[in-house]
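These notes concern the structure reproduced below.
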Amino acid sequence: MQKRLITDAKKTPERAWLANAQHSMLQQAVRDCDQAYKNFFDSLKGARAGRKVGAPRFKSRKDNRQAIRFQPDGFRVLDTGKLRVSKIGAVPVAWSRDLPSAPSSVTVVKTADDRYFASFVVEAGDETLPDAVDEHGQDVELGLDLGVSAFAVDQHGRVIDDPRFLRRAERELKRLQRALSRKQRGSNNRRKARKKLARAHAKVSDTRQDWLHQATTSIVRENQTIVLEDLAVSGLARTRLAKSVHDASWGTFRRLLEEKAARYGRELVIIDRWLPTSQTCSDCGRVDGTKPLSVRTWPCPCGATHDRDRNAARNILAAGRAERQNACGPDVRPHTGADGDEAGTQRSAAPAQ
Ligand SMILES: [Zn+2]
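The letter at position 46 of the sequence shown is residue 46 when you use UniProt numbering, and the numbering goes up by one with no holes.
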């Protein structure tokens, strides 16, 4: 394959441009393709755990988004802070954080709005945080109901919502989208409008990512156990009820919580998607039947009056507790052995991304 796709291809006029790239990178692309096909066929045969893997797709050098991965022989971080990459040279970098170890590879991405990002694969040390406990030494727990009216609500009724500027930016995005669709195909104005839209998209997505990172970091730092509903279906069901701007973010929210919980030694419990968390009274356990979304508060015959989202969050937390008990018996949560002596410095550290 390498002979056909690299060595021989370079000699043809259509593929002569391949000579502009570093050789080992082309070899890596062939190896990546091999791995992708292997994963695809294993997945077809059922020999691969997890989600179904699709067939590899072609990429084009004319795509708006471009990525290139350098192995250690293709790049070096210079003492000056510049990044030297093969065939290109030393490139100035605005570092978002220090590298904790020597990187084993770097991926340079060019986005649709013409920005370049370098992302390094590094070995990270132990980042376990001291246990999050309250004044009685009990684990701090959080049950979150992902809502329609707010991003999420916890068991105390506290609302986590995305900031106003994000919603404003999303409206602006819609406006630019409309402006683009009115422009003549192939016209200069259309090209300009597309560029504007790409820039606005990038801005909204950056802002959302930044907000999600901040929200998940503080949740993971402040709580020992975090309980969420399985999003896969509840998200879908909600989409049918009310198309929520949060739908796309919830997946990222959960992924970030998973990553950070694992990294900092917290427990994330995902409970069964079929539990009727918004229909059950969190005081007496009575299941009261489906409630339309417009019902924000409801009384239970036991005397309790419930805020819909807060009640759901309380049920989610209770289900998460039950799940933990089943999984590991009472009170055998693995203690990660982190000592408290670093609490001050670690807690005040800037949120890691
Ligand atoms: Zn009740």
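We put the CB at the ideal spot given by N, CA and C, even for glycine.
Item	Value
Under the assumption that S278 contacts A312 (Cβ atoms under 8 Å), give the Cβ distance between them as a whole number of angstroms.	4 Å
Just mark T225 as buried or exposed, buried being the case when its beta carbon has 16 or more other beta carbons within 10 Å.	buried
Closest to Q155 by C-alpha separation, out of Q35, D309, P72 and R178, would be which residue?	D309
What residues sit near ligand 3, counting only those whose C-beta is closer than 5 Å to one of its heavy atoms, in chain order?	What this structure holds is ligand 1, not ligand 3.
What three-state label does DSSP hand P276 in the structure shown?	coil
Would you kindly work out how many angstroms separate the C-alpha atoms of I88 and F75, rounded to a whole number?	10 Å
With DSSP collapsed to three states, give me the class of N20.	helix
Indicate whether the contact test is met: 3 or more Cβ pairs, each with one atom in the segment 159 to 177 and one in the segment 196 to 207, closer than 8 Å.	yes
Rounded to the nearest angstrom, what separates L18 and L78 at their Cα positions?	27 Å
Could you check whether K196 and A179 sit closer than 9 Å to each other, using their CB atoms as the reference points?	yes
Which term fits G235, buried or exposed, when burial requires 16 or more other beta carbons within 10 angstroms of its beta carbon?	Confidence at G235 is low in this model, with a pLDDT of 48, below 50, so its placement is unreliable and the value that follows should be read with caution. Buried, because 16 or more other Cβ atoms sit within 10 Å of the Cβ of G235.
Does the beta-carbon of F165 have 16 or more other beta-carbons within 10 angstroms, so that it is buried, or is it exposed?	exposed
With a 10 Å radius around its C-beta and 16 neighbouring C-beta atoms as the bar for buried, classify H246 as buried or exposed.	buried
Of all the options D161, R324, R182 and T128, which has the alpha carbon lying nearest to the alpha carbon of Q214?	D161
Would you grab the beta carbon distance between R254 and L275 for me? Rounded to a whole angstrom, and I think it's under 8 Å.	Wrong, their Cβ atoms sit about 17 Å apart, outside the cutoff.
Where do the ends of the alpha helix (DSSP H) carrying I226 lie?	Careful: I226 lies outside any alpha helix (DSSP H), inside the beta strand (DSSP E) at T225 to E229.
Does DSSP put S249 in a helix, in a strand, or in coil?	helix
Just to confirm my understanding: we take I270, look at its own chain, exclude 5 residues before and 5 after, and list those with CB closer than 6 Å. What are they?	L228 and D230
According to DSSP, is T107 part of a helix, a strand, or is it coil?	strand
Let's test the definition: count the other Cβ atoms within 10 Å of the Cβ of Q133 and tell me whether it reaches 16, buried, or not, exposed.	The question names Gln, but residue 133 is Val in the sequence shown. Its Cβ having fewer than 16 others within 10 Å, V133 is exposed.
Since A150 and V140 should fall inside the 8 Å C-beta cutoff, what is the C-beta to C-beta distance between them, to a whole number of angstroms?	A150 to V140, Cβ: 21 Å. No contact.
Excluding the 5 residues preceding and the 5 following V109 in the sequence, name in chain order all residues of the same chain whose CB lies nearer than 6 Å to its CB.	A67 and F117
Compute the Euclidean distance between the alpha carbons of R240 and T252, then round it to the nearest angstrom.	Unreliable positioning characterises R240 in this predicted model, as indicated by a pLDDT of 46, which lies under 50. The coordinate reading is nonetheless provided below. About 20 Å.
Do you know offhand how far L142's Cα is from L317's?	7 Å
Taking a contact to mean a Cβ-Cβ separation below 9 Å, would you say D73 touches S86 in this structure?	yes
A40 and A55 look like a contact to me (Cβ under 8 Å); what is the Cβ gap, rounded to whole Å?	Looking at the sequence provided, one finds Phe at residue 40 rather than Ala. Indeed they touch by this definition, with Cβ atoms about 5 Å apart.
Under 9 Å between the Cβ atoms of K260 and T290?	no
If you draw a straight line from the C-alpha of C284 to the C-alpha of G303, how long is it?	9 Å
Under three-state DSSP, which class holds P299?	strand
Between K38, T7 and K11, which lies nearest to S24 when the distance is taken from Cα to Cα?	T7
Nearest by alpha-carbon distance to D113: which of C281, Q71, N64 and W211 is it?	N64
Within the same chain, show all residues whose beta-carbon is closer than 8 Å to that of R61, passing over the 5 residues directly before and after it, in chain order.	W17
Got a sec, what are the start and stop residues for the alpha helix (DSSP H) D206 sits in?	N188 to E222
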